[in-house]
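I have placed the structure first, in the form of structure tokens, so that the comments after it can refer back to it.
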Amino acid sequence: MLKVIVHGSGGYGSGGLTAAAQHVEHYEMAGYGCVRSYARLLKEREAVGILTRTYNEEKETDKKLTKLSKAINVEAADTKSKS
Ligand SMILES: [Fe+2]
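Our numbering applies: residue 56 is where the sequence shown begins, and numbers increase by one.
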């Protein structure tokens with residue numbers, strides 16, 4: 056279960072939202088990857104191509120969120136150490 060706590064902008068709240076967004080991206084990657092496997096089994100080349108592009112878009116978004124979460128978590132750690 057994913058729990059998101061929002062405390063305004065920055066800090067822990069943004070980290071929680073980023074984690075929730077990544078949760079969605081991973082779910083999408085699993086879904087598109089699975090359907091792409093079915094398309095390969097059925098030799099549906101056009102569908103495989105479309106699903107591969109879509110899968111890669113989700114993967115790129117996940118990478119961007121990972122980069123963002125690293126910055127946010129450092130900011131949150133700094134905020135905590137100063138309080
Ligand atoms: Fe997505």
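Glycine included, C-beta positions come from ideal geometry on N, C-alpha and C.
Considering only the alpha carbon of each residue, which of the options lies closest to residue i?
i      : options                       : result
ILE105 : ASP117, LYS118, GLU115, ARG91 : ARG91
ASP117 : GLY71, VAL79, GLY70           : VAL79
THR107 : THR121, LYS119, GLY86         : GLY86
Measuring from the CB of residue i, is there a heavy atom of ligand 1 at a distance below 7 Å?
i     : result
VAL90 : no
GLU80 : yes
THR73 : no
GLU2  : The requested residue 2 is not part of the displayed model; the chain covers only 56 to 138.
Could you tell me the alpha carbon to alpha carbon distance between residue i and residue j, rounded to whole angstroms?
i      : j      : result
MET84  : ILE127 : 23 Å
GLU115 : SER136 : 32 Å
TYR82  : LEU97  : 23 Å
Are the Cβ atoms of residue i and residue j separated by less than 8 Å?
i      : j     : result
SER124 : GLY70 : yes
Sufficient close CB pairs (3 or more, under 8 Å) joining the stretch 95-103 to the stretch 121-131: no
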